[in-house]
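**Student:** One structure, as structure tokens, below. Some questions next.
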Amino acid sequence: MKTRFLFPHQFRLIGIVLLVVIAIFCGVHQYQTGGIFSSTSLGNLNPIPCDVWMQIIYNDILQVGIILGLLFIGFSKEKIEDEQLSQLRLDSLQWAVYVNYGLFILCIVFIYDWKFLSVIIFNIITPLLFFIIRFHWKIYSNNRFIKDDAI
Amino acid sequence: MKNTIRVERAIKNITQADLADLIGVSRQTINTIESNRYVPSTVLALKIARVFGKAVEEIFILEEED
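Protein sequence lines correspond, in order, to chains A and B. Read in order, the letters of the first sequence are residues 1 to 151 in our numbering. Read in order, the letters of the second sequence are residues 1 to 66 in our numbering.
What follows is the structure, given as structure tokens:
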């Protein structure tokens with residue numbers, strides 16, 4: 001079956017490696033400086049010192065890396081790609097968008113001030129995260145059906 | 001829509017995995033079709049019917065609520 005707009009299967013591994021590298025990097029950085037996304041980049045913009053520029057570039061690379069990693073994991077082909085999986089993928093995507101915006105509406109109502117900024121930042125990746133979790137959960141539970149049904 | 005794939009497989013004595021290999025889908029897909037959790041496309045239904053050498057209507061049967 002022809003599938004459009006999907007990465008080759010190997011891209012999943014690339015995505016996982018990318019996220020693991022970023023997670024390790026962030027962990028080390030957090031340990032050394034006490035924060036991943038430095039707030040100095042917003043507070044002191046004129047003129048921007050060299051180390052703040054570096055911080056901004058680091059942040060950009062990290063954010064793009066996280067998004068690319070999640071996209072690769074979510075939208076790479078499975079080993080045997082067929083129409084049932086395509087439908088499962090689209091279902092999961094729809095489910096993820098509903099859940100994401102449902103939670104987002106709750107956050108709009110109940111969270112204010114600076115805390116809401118972190119909600120918006122998390123919201124950049126949560127649709128992809130929810131999609132990946134739901135899609136793979138469904139594959140896992142379908143595989144469990146096969147085991148129950150072993151013939 | 002119900003189907004008789006399980007019966008046809010038993011007659012032909014092939015497993016879900018064999019059928020999946022014959023028509024180029026995953027075993028999971030065959031399992032979801034057999035347990036009525038997924039309705040296959042026309043192309044897939046025709047391929048399944050061809051494996052069993054029968055007409056599509058003999059394998060996939062409409063039900064009242066369809």
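By construction, the Cβ of each residue, glycine as well, lies at the ideal position given by its N, Cα and C atoms.
Would you say B/R50 lies against chain A (beta-carbon separation less than 8 Å)?
**Tutor:** Closer than 8 Å: no.
**Student:** Examine chain A for any beta-carbon lying closer than 8 Å to the beta-carbon of B/T42, and answer yes or no.
**Tutor:** Cβ-Cβ to chain A under 8 Å: no for B/T42.
**Student:** Please list the partners that B/V7 has in chain A, where partner means a Cβ-to-Cβ separation under 8 Å.
**Tutor:** Under the 8 Å cutoff, chain A gives no residues; its nearest Cβ is about 12 Å from B/V7.
**Student:** When the Cα atoms are used, what is the spatial distance from A/F104 to A/N123?
**Tutor:** About 8 Å.
**Student:** Is DSSP giving B/K2 helix, strand or coil here?
**Tutor:** Three-state DSSP puts B/K2 in a strand.
**Student:** Using the C-alpha atoms, what's the distance from B/I48 back to B/K54?
**Tutor:** Spanning the two alpha carbons is a distance of roughly 9 Å.
**Student:** In chain B, which residues lie with their C-beta within 7 Å of the C-beta of A/I146?
**Tutor:** R27, Q28, N31, listed in chain order.
**Student:** For B/D66 and A/S86, what's the separation of their Cα atoms in angstroms?
**Tutor:** Cα-Cα distance, rounded: 23 Å.
**Student:** Note down, in chain order, all residues in the segment 61–88 of chain A with a beta-carbon under 9 Å from any beta-carbon belonging to chain B.
**Tutor:** For the segment 61–88 of chain A, which is checked against every Cβ of chain B, the residues closer than 9 Å are E78, K79, I80, E81, D82, E83, Q84, L85, Q87, L88.
**Student:** Would DSSP call A/F239 helix, strand or coil?
**Tutor:** This structure cannot settle anything about residue 239 of chain A, because the visible part of chain A is limited to 1 through 151.
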